[in-house]
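Visitor: Residue numbers (my numbering), protein chains in the order written: chain S, 193 to 589; chain H, 193 to 589. Please see the structure below; I have some questions.
Protein chains: 2
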Amino acid sequence: MAKINSNYKNLSQNYLFSEIRKRTAAFSEANPGVEILRLGIGNTTEPLVPTVLDGLKLGVKKLSKVETYTGYGDEQGDIRLRKALSDWYDKRGIKLSDDEIFISDGAKCDAANITSIFDTSSVVAISDPVYPVYLDTNIISNKKVIFLESTDKNDFIPDLPKEKTDIIFICSPNNPTGTVFTREKLKEFVNYALENKAIIIFDAAYSEYIQDKNLPRSIYGIEGAKNCSIEIQSFSKSAGFTGVRLGWTVVPKDLIIENSIPGEINKLWNRRQTTMFNGASNIAQEGGLAALSEDGQKQTREQVQYYMENAKIISEGLKSLGLKIFGGVNAPYLWIKCPKGLTSWEFFDKLLNETHVVGTPGSGFGKMGEGYFRLSAFGHRENVEKAVKNIKENLKL
Amino acid sequence: MAKINSNYKNLSQNYLFSEIRKRTAAFSEANPGVEILRLGIGNTTEPLVPTVLDGLKLGVKKLSKVETYTGYGDEQGDIRLRKALSDWYDKRGIKLSDDEIFISDGAKCDAANITSIFDTSSVVAISDPVYPVYLDTNIISNKKVIFLESTDKNDFIPDLPKEKTDIIFICSPNNPTGTVFTREKLKEFVNYALENKAIIIFDAAYSEYIQDKNLPRSIYGIEGAKNCSIEIQSFSKSAGFTGVRLGWTVVPKDLIIENSIPGEINKLWNRRQTTMFNGASNIAQEGGLAALSEDGQKQTREQVQYYMENAKIISEGLKSLGLKIFGGVNAPYLWIKCPKGLTSWEFFDKLLNETHVVGTPGSGFGKMGEGYFRLSAFGHRENVEKAVKNIKENLKL
Chain S
193 MAKINSNYKN LSQNYLFSEI RKRTAAFSEA NPGVEILRLG IGNTTEPLVP
243 TVLDGLKLGV KKLSKVETYT GYGDEQGDIR LRKALSDWYD KRGIKLSDDE
293 IFISDGAKCD AANITSIFDT SSVVAISDPV YPVYLDTNII SNKKVIFLES
343 TDKNDFIPDL PKEKTDIIFI CSPNNPTGTV FTREKLKEFV NYALENKAII
393 IFDAAYSEYI QDKNLPRSIY GIEGAKNCSI EIQSFSKSAG FTGVRLGWTV
443 VPKDLIIENS IPGEINKLWN RRQTTMFNGA SNIAQEGGLA ALSEDGQKQT
493 REQVQYYMEN AKIISEGLKS LGLKIFGGVN APYLWIKCPK GLTSWEFFDK
543 LLNETHVVGT PGSGFGKMGE GYFRLSAFGH RENVEKAVKN IKENLKL
Chain H
193 MAKINSNYKN LSQNYLFSEI RKRTAAFSEA NPGVEILRLG IGNTTEPLVP
243 TVLDGLKLGV KKLSKVETYT GYGDEQGDIR LRKALSDWYD KRGIKLSDDE
293 IFISDGAKCD AANITSIFDT SSVVAISDPV YPVYLDTNII SNKKVIFLES
343 TDKNDFIPDL PKEKTDIIFI CSPNNPTGTV FTREKLKEFV NYALENKAII
393 IFDAAYSEYI QDKNLPRSIY GIEGAKNCSI EIQSFSKSAG FTGVRLGWTV
443 VPKDLIIENS IPGEINKLWN RRQTTMFNGA SNIAQEGGLA ALSEDGQKQT
493 REQVQYYMEN AKIISEGLKS LGLKIFGGVN APYLWIKCPK GLTSWEFFDK
543 LLNETHVVGT PGSGFGKMGE GYFRLSAFGH RENVEKAVKN IKENLKL
């Protein structure tokens, strides 16, 4: 008699996006013809850049000819792409060999799967608020989770764990708060990990939105990080690959945890991926290669700046109303303190009713998100401008 | 102090393909200029068919325009593709709703991940020999595994488990033996599962190679299967998507295991996929839709027949030498009894040395594979013909 994995029963239902859909639909029904302006979703909206499109087309074309057709590739990814990423890091002063880089179909899968290679006795620290995948997958993996509170008291960058912790998930730039670890703060965490033989899982999916050159875009810019950190990265937000699906994970050979020998964790992830994954799409990988070319990087950087200009428009608009805003400077997310002590959902309703703008209640990202609200800079400029105009003209404060 | 998931230590190292590479390289070094003929790998070799290429091109084109660009889609897959698959099953007399079909990036990931939604106390039955992913992932998932022996005594279709079993993996047509469950045999397993509230994971990735219309291409053609079976499928072998990456898994709402209510397992897999997966590539999905169109199906069927003609050429050639062959009639794999009581590796060396043909030792697929050898029908015709000619002329029997 087969039984269900009971860890799944410990998951709380996350009604966040379905509740947003429900309330938005109800508003539309009650107000036919009113245009809804969506600033809620962390999803890219702009077409792929020309060089990347050429790469994807090349990927398809190769599959049309017997001489260039490819079936299964290496589960770890096309060696050309692994080398290109090794070069990409090299230009940032970070030395990684190609076999320390594992190509995947996106950061979400890797962020979800990485915990499975560690013992269930591990205690996992996760910021609150944060992207829900870390919490849910560690619950499924039956690990004890402790929360590192991120509040306005610590500028939404958590302090070191106070209790014994084995695995620490860091998302920087953070989703949803849009705040970024400083070098000094990240060094504190690296030192903690080295001292405690803990491991840091560093999700850098939004690194390309960092404008301030002093902020770390990779954890490997911090001394000692290669001995204690895994970095998860993605083409989703930097090149518009949210639908194309491509990311990577770095597992340095120098990484050591309790009783492990150098290279062992790298081999373990290699075993996990070769056993349970069959490589990212060869078409997507050809697109990724194009994104890393000189032209590709130039064009995708411009696209990132387009979204960051959106962030600036939203930020300035809301600040002019006296709202308190975090993030949005080195990240595509703005984290808004709900005015007048409103809860996240109360502000959601107010914003929708008064301005027709849909955002994301902060409470959906953890207990400490209550009383906050996330707006996303992903969107067409015209839509963003309309939303900000509506807010400025109609939000009753 | 983080620790490694010790289940990984219970995995045996599978040196199969690396050992093949090593011995082949050594032969090439000792015999410079000799052409190696590879019939070992279960990987497609022929270019994608025109209609599928058009679909993929359309997928890329859509990403070039603001009106048609898409980012994150539903984790469960593009609703158009889910509906097209529901229609595809309907034409085979099987009724499945679109929300019982989950699109993935390939059968391997689903076959690997599916066990994670069941309790670790579950006893898992796996045929021996078989595709190694089922065994390895159940070891990683810390489940007890029992083996169902497939030998020439049962025509390489296993008998029912003799001890209490909760989850049964069936791969039909089988990799590596190329044998196929009959309706009667599959009904026995379905009845066993219904009686024992066990669950069957039916891997049908090679179903389109079945030529005999009386053999089941989907488990859902068997009465009662919807109450006890999950089916895993793929575009890899039917449409040449081994590198493009696209598959699907069916979790019927009628599926019931111990203490579960109808729809619960479907919801559980939905939760797993929405939490840990971010959907298959939108480009690949557009290609999948094209493959399911009338023209797409016609063209991909012709490609399958091309590989099956290869199988026939290999089969007839080897039989003419008096070798005993299983499979290769309704599957792209041929399972050869090693002559003269040779072990799988002894026959590997003999075949390589005498005929320059590289195949796959059966012992790499399980204990019962010892003394057998797998040849694959995937390959260019010219290469297959050369290999068979070499075997016929030079294999010393």
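Ideal Cβ placement from N, Cα and C applies to all residues, glycine included.
Can you pull the chain H residues whose beta carbon is under 8 Å from the beta carbon of S/Met193, in chain order?
Guide: Result: Asp358, Asn388, Lys389, Ala390, Ile449 and Glu450.
Visitor: Are the Cβ atoms of H/Asn330 and S/Gly298 separated by less than 8 Å?
Guide: Taking 8 Å as the Cβ cut-off, H/Asn330 and S/Gly298 do not qualify as a contacting pair.
Visitor: Does the beta carbon of S/Lys249 sit closer than 8 Å to a beta carbon anywhere in chain H?
Guide: By this cut-off, S/Lys249 is an interface position.
Visitor: Tell me which residue opens and which closes the beta strand (DSSP E) that H/Thr441 is part of.
Guide: First-last of the beta strand (DSSP E) with H/Thr441: Gly439 to Val442.
Visitor: What does H/Ala304 touch in chain S if you count any residue whose Cβ is under 7 Å from its own?
Guide: Correct list: Thr467 and Met468.
Visitor: Exposed or buried, S/Leu447, counting other C-beta atoms within 10 Å across all chains shown (16 or more means buried)?
Guide: With 16 or more Cβ atoms within 10 Å of its Cβ, S/Leu447 is classed as buried.
Visitor: Within 8 Å of any Cβ in chain S, is that where the Cβ of H/Glu238 sits?
Guide: True, the Cβ-Cβ gap to chain S drops below 8 Å.
Visitor: Got a sec? Which residues, its chain only, sit under 6 Å from H/Asp290 by beta carbon, not counting five neighbours each side?
Guide: These residues qualify, in order along the chain: Arg274, Lys275 and Ser278.
Visitor: Would a C-beta distance cut-off of 8 Å place H/Val315 and H/Thr492 closer than the cut-off?
Guide: No.
Visitor: If you run the structure through DSSP and keep just helix, strand and coil, what is H/Pro350?
Guide: In the structure shown, H/Pro350 sits in coil (DSSP, three-state: anything other than H, G, I, E or B).
Visitor: Buried or exposed for H/Asn451, going by 16 or more other Cβ atoms inside 10 Å?
Guide: That one is exposed.
Visitor: Candidates S/Asn522, S/Trp440 and S/Lys511: which alpha carbon is nearest S/Gly269's?
Guide: The residue with the shortest Cα to Cα distance from S/Gly269 is S/Trp440.
Visitor: Under a CB-based cut-off of 8 Å, is S/Cys363 close to chain H?
Guide: So, not an interface residue.
Visitor: Just to confirm before moving on: does the CB-CB distance between S/Gly370 and S/Gly561 stay below 8 Å?
Guide: Not a contact, by the Cβ cut-off of 8 Å.
Visitor: Could you tell me which chain S residues have their CB closer than 7 Å to the CB of H/Asn235, listed as they occur along the chain?
Guide: Near H/Asn235 (Cβ distances below 7 Å), the residues of chain S are Gly263 and Tyr264.
Visitor: Can you grab the Cα-Cα spacing for the pair H/Leu378 / H/Gly285, in whole Å?
Guide: Spanning the two alpha carbons is a distance of roughly 17 Å.
Visitor: Here's a check: name, in chain order, each residue in its chain whose Cβ is nearer than 6 Å to the Cβ of H/Leu438, leaving out the five neighbours to either side.
Guide: Once the five neighbours on either side are set aside, the close Cβ partners of H/Leu438 are Phe427, Ala472, Ala476 and Gly480.
Visitor: Looking at C-beta atoms only, is the number of pairs between the segment 228-244 of chain S and the segment 488-503 of chain H that lie closer than 8 Å three or more?
Guide: These segments do not touch.
Visitor: Going by C-alpha to C-alpha distance, which of S/Thr374, S/Val325 and S/Val244 sits closest to S/Asn346?
Guide: Residue S/Thr374 is the option with its Cα nearest to S/Asn346.
Visitor: Looking at the structure shown, is S/Leu386 part of a helix, part of a strand, or coil, going by DSSP?
Guide: Helix at S/Leu386.
Visitor: Are the C-beta atoms of S/Cys530 and some chain H residue less than 8 Å apart?
Guide: No - not a single Cβ of chain H is within 8 Å of the one on S/Cys530.
Visitor: Might you give, ordered along the chain, the residues of its own chain that have their beta carbon closer than 7 Å to the beta carbon of H/Asp266, omitting 5 neighbours on each side?
Guide: Within the same chain, H/Asp266 has close Cβ partners Gly471.
Visitor: Which residues in the same chain have their Cβ closer than 7 Å to the Cβ of S/Ile293, if we skip the five residues on either side of it in sequence?
Guide: The residues are Arg274, Leu277, Ser278, Trp440 and Val442.
Visitor: Checking the sheet assignment: what are the DSSP bridge partners for S/Ala317?
Guide: S/Ala317 pairs with S/Ile338 and S/Ile360.
Visitor: Tell me which residue opens and which closes the alpha helix (DSSP H) that S/Lys490 is part of.
Guide: Its alpha helix (DSSP H) spans residues Glu486 to Lys511.
Visitor: Could you compute how far the alpha carbon of S/Pro408 sits from the alpha carbon of S/Ile414?
Guide: Cα to Cα, S/Pro408 sits roughly 8 Å from S/Ile414.
Visitor: S/Phe373 bridges to which residues according to DSSP?
Guide: S/Phe373 is not bridged to any residue.
Visitor: List the residues of chain H that S/Leu481 touches, going by C-beta distances under 8 Å, in chain order.
Guide: Chain H residues near S/Leu481: none, gap ~14 Å exceeds 8 Å.
Visitor: In whole angstroms, what is the alpha-carbon distance linking S/Leu386 and S/Ile360?
Guide: Straight-line Cα distance between these residues: approximately 12 Å.
Visitor: Excluding the 5 residues flanking H/Gly455 on each side, which residues of the same chain have their C-beta closer than 6 Å to its C-beta?
Guide: Closer than 6 Å at Cβ, skipping near neighbours: Lys445.
Visitor: Figure out for me which residue from S/Asn197, S/Arg230 and S/Ser507 has the closest Cα to the Cα of S/Asn575.
Guide: Of the listed residues, the one whose Cα sits closest to S/Asn575 is S/Arg230.
Visitor: With contact counted as at least three CB pairs below 8 Å, one residue from each stretch, are the segment 210-224 of chain H and the segment 250-265 of chain S in contact?
Guide: Flag = no, the segment 210-224 of chain H and the segment 250-265 of chain S do not touch.
Visitor: Span of the alpha helix (DSSP H) holding H/Lys542?
Guide: Counting along the chain, the alpha helix (DSSP H) containing H/Lys542 begins and ends at Ser536 to Thr547.
Visitor: Quick one: what's got a C-beta closer than 7 Å to S/Gly304's C-beta in the same chain, skipping five residues either side?
Guide: According to the sequence displayed, residue 304 of chain S carries Ala and not Gly. So the qualifying residues of the chain are Val325 and Thr329.
Visitor: Do you know how far the Cα of H/Ile391 is from the Cα of H/Glu478?
Guide: Distance between the alpha carbons of H/Glu478 and H/Ile391 is about 32 Å.
Visitor: Expressed to the nearest angstrom, what Euclidean distance is found between the alpha-carbon atoms of H/Trp527 and H/Leu589?
Guide: Each residue's alpha carbon lies about 18 Å from the other.
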